[in-house]
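Chains as they are written, first to last, in our numbering: chain A, 1 to 217; chain B, 1 to 217.
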C-alpha cells in the first residue's frame, strides 16, 4: 500500500508538496497496547491508520478514563500533531488497541504544507470538525442518557467493531471506555444477564439478545 | 468601527478577497434574547462580535440545557456557518445574552475565500480548535468535577464577566448553564448561603466570600 492511495486529498496538492510528503512520510508498525501520543510526549505528527485500531481517551487525576473516539483504517489523527495546531489546549492519549500499521507525516512538513495549501488546511478543518462532532455527541450522551442505554450502545458498537457476539473485554476496560467505575459496570451487566440479554463468563460478555439491547439504546 | 479592524487576518488576504468581504459583510444589531442560530434555521454565516455577549448551548429532548461556550467582543462564531463547514454534525443554539452588534460574513463568501486562501482556512482551523478545547474542558468538568466546584466556578466566572459581586440571575438560568435541574442548583446555593459564602435574594445571588468560593473551585 502506498501513502498516496490512502491520503484523500493527494491529487489536490502541488507536485512539490507531493514530493515533500513522499520524501518524509514514515510507515511504522505499532504493537497493541503502545501509547503513541499523550500530553507529555514530543509531537509525533499527523497519523494515518493503514490497518489496526486506536483509542483516544482522557483521564482524571484519580485515574478514571473515558474514550473520546476511535481510529480505524483510513482514519486520520490530528491531535498527535497538536504542536502544529494552534489553540489545542487539552491532553489526549492515543493507544493502539490492536497491532497496527500507520503512516506518519512529520510535524514540520505538515505545518509547511498547511500554511501554503488551502486544500490541506481545509482538509484538516474537516477532520477537526468530525472530531468535534464526536465529542459533542459524547457530551450529549453523558449529560442526558442513562447508563443502561450507554452500556447497551457500547456493547452493540463493540460487537460491530469486532464482528462477533462474544466480546473479550473486562468490566474494568468497559468502565474506562465509558468514564465510570468498574462496580457500576458490573452491576449493570449483571442486570442485563438477569434479563437474559447477555451471558457473562470470566473475561467475556456474550450478547444473546441483540434485539432487546437495541431497543434499550 | 470597521470590519477590517476587527478581523485579525485581514492583512493576510489578497486585495480581491478584501474587496469581496468589504462588499458583502453585514453589520447588524441584535436584541438581547434573540436566537441567531439553531439547527433548523437557515445558515446565517460567520459571526464576528463587535459588542455584546452570546451564549452557545445544546439542549435535550426534555428541554434541559447546557452552555457550551460564550462569545464576547472580537470573538468569532463558526457554527452559525456550519453549512460551509463539512462534518459539523451537531446542533447548537446561539442566543444573544445582551444587546449586541455583530458583523456577518455570508456563507457563500466565506466558502469561496476559505477554498482559495490558506490563511483563511487555517484561521477557521484555529477557531475550531479553540472551541474544541472548550468542549473538552467542559467534558472533563462534567465527568470528574463535583457539582459544588462547578457551581462555585460558574458564580466566580459570572462575577468576572459582569464585573459585579451581585449577579442578577435566576436558579433556572444557572441550571440551564450547567446542564442540571433547578432543584439541584437551589439546594447547593442554600448550602453556600448557610456557609456564608453567598447571600440570596429574589432574582439575585450576591457573592460575600469570594475567597472561599475560589478555594472550592
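Just so you know, even glycine gets a beta-carbon here, dropped at the ideal spot from N, CA and C.
Opposite residue i in the DSSP bridges: which residues?
i, result
"residue 29 of chain B", "B:101"
"residue 37 of chain A", "A:94"
"residue 54 of chain B", "B:71 and B:96"
"residue 83 of chain A", "BP columns for residue 83 of chain A are empty, so no partner."
"residue 204 of chain B", "B:168 and B:201"
"residue 43 of chain B", "Residue 43 of chain B is not bridged to any residue."
"residue 151 of chain A", "Per DSSP, none; premise fails for residue 151 of chain A."
"residue 76 of chain B", "B:48"
"residue 178 of chain A", "A:66"
"residue 191 of chain A", "The partner list for residue 191 of chain A (beta bridge, DSSP) is empty, contrary to what the question assumes."
I'd like to know whether the C-beta atoms of residue i and residue j end up nearer to each other than 8 Å.
i, j, result
"residue 175 of chain A", "residue 184 of chain A", "yes"
"residue 214 of chain B", "residue 156 of chain B", "yes"
"residue 78 of chain B", "residue 127 of chain B", "yes"
"residue 102 of chain B", "residue 47 of chain B", "yes"
"residue 135 of chain A", "residue 36 of chain B", "no"
"residue 207 of chain B", "residue 159 of chain B", "yes"
"residue 187 of chain A", "residue 172 of chain A", "no"
"residue 122 of chain B", "residue 74 of chain B", "no"
"residue 169 of chain B", "residue 104 of chain B", "no"
"residue 178 of chain B", "residue 216 of chain B", "no"
Taking only the alpha-carbon atoms, compute the straight-line gap between residue i and residue j and give it to the nearest angstrom.
i, j, result
"residue 106 of chain A", "residue 20 of chain A", "11 Å"
"residue 116 of chain B", "residue 129 of chain A", "19 Å"
"residue 211 of chain A", "residue 201 of chain B", "52 Å"
"residue 80 of chain A", "residue 89 of chain A", "13 Å"
"residue 199 of chain B", "residue 180 of chain B", "21 Å"
"residue 82 of chain A", "residue 196 of chain A", "45 Å"
"residue 120 of chain B", "residue 15 of chain B", "14 Å"
"residue 140 of chain B", "residue 148 of chain B", "15 Å"
"residue 94 of chain B", "residue 100 of chain B", "13 Å"
"residue 125 of chain A", "residue 114 of chain A", "10 Å"
"residue 218 of chain B", "residue 17 of chain B", "Look at the range of chain B in this structure, 1 to 217, and you will see that residue 218 of chain B is not part of it."
"residue 10 of chain B", "residue 110 of chain B", "13 Å"
"residue 108 of chain A", "residue 67 of chain B", "36 Å"
"residue 62 of chain B", "residue 142 of chain A", "15 Å"
"residue 43 of chain B", "residue 72 of chain B", "21 Å"
"residue 41 of chain A", "residue 133 of chain B", "19 Å"
"residue 144 of chain B", "residue 22 of chain A", "43 Å"
"residue 38 of chain A", "residue 49 of chain A", "17 Å"
"residue 87 of chain A", "residue 131 of chain A", "15 Å"
"residue 58 of chain A", "residue 69 of chain A", "10 Å"
"residue 2 of chain A", "residue 65 of chain A", "35 Å"
"residue 190 of chain A", "residue 164 of chain A", "20 Å"
"residue 154 of chain A", "residue 203 of chain A", "16 Å"
"residue 193 of chain A", "residue 98 of chain A", "28 Å"
"residue 96 of chain B", "residue 34 of chain B", "5 Å"
"residue 118 of chain B", "residue 8 of chain B", "14 Å"
"residue 45 of chain B", "residue 76 of chain B", "11 Å"
"residue 161 of chain A", "residue 112 of chain B", "38 Å"
"residue 60 of chain A", "residue 13 of chain B", "42 Å"
"residue 146 of chain A", "residue 4 of chain A", "43 Å"
"residue 205 of chain A", "residue 205 of chain B", "50 Å"
Where does residue i sit, in a helix, a strand or coil, going by DSSP?
i, result
"residue 145 of chain B", "coil"
"residue 67 of chain A", "strand"
"residue 23 of chain B", "helix"
"residue 49 of chain B", "strand"
"residue 127 of chain B", "helix"
Is residue i near the ligand HEM, with its Cβ less than 7 Å from a heavy atom?
i, result
"residue 23 of chain B", "As presented, the structure is devoid of all ligands, the ligand HEM included, so that no description of it is given."
Three or more C-beta pairs closer than 8 Å, one from the stretch 24-36 of chain B and one from the stretch 47-66 of chain B: is that the case here?
-> yes
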